[in-house]
Amino acid sequence: MKPVIDIFGLPLEQLTRTLRNDYGKGLFHAEALYREVFKNGGKEIGNAPEFKNSLKLWAALEKAIALVPGKVEETFKAGELVKFITRLSDGLNIESVIIPMTRHNTLCVSSQVGCKMGCRFCQTARMGFKRSLSAAEIVGQVFNARHTLGHDIKNIVFMGMGEPFDNFDAVMTAVRVLNSQKGCDIALRHMTISTCGVVPGIERLARLNYPNIRLAVSINGPEDAIRSALMPVNRRWPLAALKKSLEAYPLPPRGVFLFEYILIKGVNDSMDHARALARFIHPLPVRLNLIPYNPVTGFNHQSPSDEQMHEFAQILTDKGVFVIKRWSRGRSVSAGCGQLGKT
Ligand code: SF4
1102 MKPVIDIFGL PLEQLTRTLR NDYGKGLFHA EALYREVFKN GGKEIGNAPE FKNSLKLWAA
1162 LEKAIALVPG KVEETFKAGE LVKFITRLSD GLNIESVIIP MTRHNTLCVS SQVGCKMGCR
1222 FCQTARMGFK RSLSAAEIVG QVFNARHTLG HDIKNIVFMG MGEPFDNFDA VMTAVRVLNS
1282 QKGCDIALRH MTISTCGVVP GIERLARLNY PNIRLAVSIN GPEDAIRSAL MPVNRRWPLA
1342 ALKKSLEAYP LPPRGVFLFE YILIKGVNDS MDHARALARF IHPLPVRLNL IPYNPVTGFN
1402 HQSPSDEQMH EFAQILTDKG VFVIKRWSRG RSVSAGCGQL GKT
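The opening position of the sequence shown corresponds to residue 1102 in the working numbering, with each subsequent residue numbered one higher.
Right, dumping it as structure tokens:
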């Protein structure tokens, strides 16, 4: 019996190889499969012109192709924002969030079930680590958002459950599948990988030389003592090592890093912290997202007042940092930053 074709996890060239080796077909049929699955939702593949006239081939492929993006178990809405829970084949659940933006929808995807990184302000960390997702399970979230739930997704952010660089190979395979113009057609510049600061992951991505993919880094502490208390990853790769890896990173011309900074009242939100953060950032090209802390169980802190947040942002702006204040959306359905894993 021929092996299952797990199409969600196969970059086009790999699918072509499989069709060539096992079915004596090639790129023509691989592209048709990609188009029917990723552009058209995979419901009528047998009626596509490439297969209509090759019924024997389609009969064989129909048995072999796995179209199992995971079952959407539940959806939650907060205004236009939609969080959905996917039940995976082994019964574990993951969460993804569709975020409407001015021009396109963005999908925040999970890369792991749970997370090992233990960031103190994060609900996912409280689940512990269950396992990493396969590339197919990552791509399955995009398929479900588009074809099961019917949302036009143009941007992907790897900012859901898990640390993407702790599942590097599967994430990069998913990127290649999502990027193919014959299928999902999501440009690299519309994909953002967000790390808590796993330096070897940043270095590996640098070596792959995908300059257009966007790199986001969760900072949250402008000094090692604060950052290590909030994010254990900082004990392994402190701020100096993180900065060194970013200085060596091959950004495209006019490219910037996206830095995330969650403001927690009385912990990292003073004016001295703002000045220290500006020093850390200089001279990196950065777009800084300031996000008020979203309360999670077991980490008893609050978000700062709007006034405090404005003052913090002003100090950075005065020092030439490009700052965006993000008022957290999705709090009511636990879809805000750091809240996934609560439902
Ligand atoms: S913030 Fe990200 S890296 Fe940190 S524990 Fe949560 S999911 Fe993991």
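The C-beta atom is built at its ideal place from N, Cα and C for all residues, glycine as well.
Quick one: Cα of residue i to Cα of residue j, how far?
{"i": "residue 1293", "j": "residue 1418", "result": "24 Å"}
{"i": "residue 1413", "j": "residue 1179", "result": "28 Å"}
{"i": "residue 1214", "j": "residue 1154", "result": "42 Å"}
{"i": "residue 1330", "j": "residue 1303", "result": "22 Å"}
{"i": "residue 1423", "j": "residue 1233", "result": "34 Å"}
{"i": "residue 1209", "j": "residue 1257", "result": "6 Å"}
{"i": "residue 1259", "j": "residue 1291", "result": "11 Å"}
{"i": "residue 1191", "j": "residue 1167", "result": "15 Å"}
{"i": "residue 1224", "j": "residue 1428", "result": "19 Å"}
{"i": "residue 1274", "j": "residue 1386", "result": "28 Å"}
{"i": "residue 1448", "j": "residue 1228", "result": "Outside the displayed span of the chain (1102 to 1444) sits residue 1448, for which this structure offers no information."}
Hey, out of the options, whose CA is closest to residue i's CA?
{"i": "residue 1370", "options": "1231, 1322, 1162 and 1273", "result": "1322"}
{"i": "residue 1158", "options": "1182, 1127, 1259 and 1367", "result": "1127"}
{"i": "residue 1457", "options": "1364, 1382 and 1377", "result": "Within the shown structure, residues of the chain are numbered from 1102 to 1444, placing residue 1457 beyond reach of any answer."}
{"i": "residue 1226", "options": "1409, 1403 and 1398", "result": "1398"}
{"i": "residue 1306", "options": "1337, 1266 and 1358", "result": "1266"}
{"i": "residue 1319", "options": "1171, 1148 and 1261", "result": "1261"}
{"i": "residue 1336", "options": "1356, 1367 and 1298", "result": "1298"}
Using 8 Å for Cβ pairs, my map puts residue i next to residue j. What's the rounded Cβ distance?
{"i": "residue 1195", "j": "residue 1211", "result": "4 Å"}
{"i": "residue 1120", "j": "residue 1133", "result": "Their Cβ separation, rounded to whole angstroms, is 10 Å, which puts residue 1120 and residue 1133 out of contact at 8 Å."}
{"i": "residue 1250", "j": "residue 1183", "result": "7 Å"}
{"i": "residue 1240", "j": "residue 1165", "result": "Actually they are not in contact, since the Cβ atoms of residue 1240 and residue 1165 sit about 18 Å apart, beyond 8 Å."}
{"i": "residue 1379", "j": "residue 1420", "result": "4 Å"}
{"i": "residue 1416", "j": "residue 1388", "result": "With 8 Å as the limit, residue 1416 and residue 1388 do not qualify as a contact, their Cβ atoms being about 17 Å apart."}
Any chance the CB of residue i is under 7 Å from a heavy atom of ligand 1?
{"i": "residue 1329", "result": "no"}
{"i": "residue 1228", "result": "no"}
{"i": "residue 1293", "result": "no"}
{"i": "residue 1220", "result": "yes"}
{"i": "residue 1264", "result": "yes"}
{"i": "residue 1233", "result": "no"}
Assign residue i to one of two classes, buried (16 or more other C-beta atoms within 10 Å of its C-beta) or exposed (fewer than that).
{"i": "residue 1317", "result": "buried"}
{"i": "residue 1092", "result": "With the chain covering 1102 to 1444 only, the question about residue 1092 has no answer from this structure."}
{"i": "residue 1129", "result": "exposed"}
{"i": "residue 1246", "result": "buried"}
{"i": "residue 1425", "result": "exposed"}
{"i": "residue 1466", "result": "The first residue shown for the chain is 1102 and the last is 1444, placing residue 1466 beyond what the model contains."}
{"i": "residue 1301", "result": "exposed"}
With 8 Å set as the bound, which would you pick, yes or no: does the beta-carbon of residue i sit closer than that to a beta-carbon of chain C?
{"i": "residue 1196", "result": "No chain C is present in this structure, which holds just one protein chain."}
Is residue i near ligand 3, with its Cβ less than 7 Å from a heavy atom?
{"i": "residue 1398", "result": "With respect to ligand 3, the structure offers nothing, as its ligand set consists of ligand 1."}
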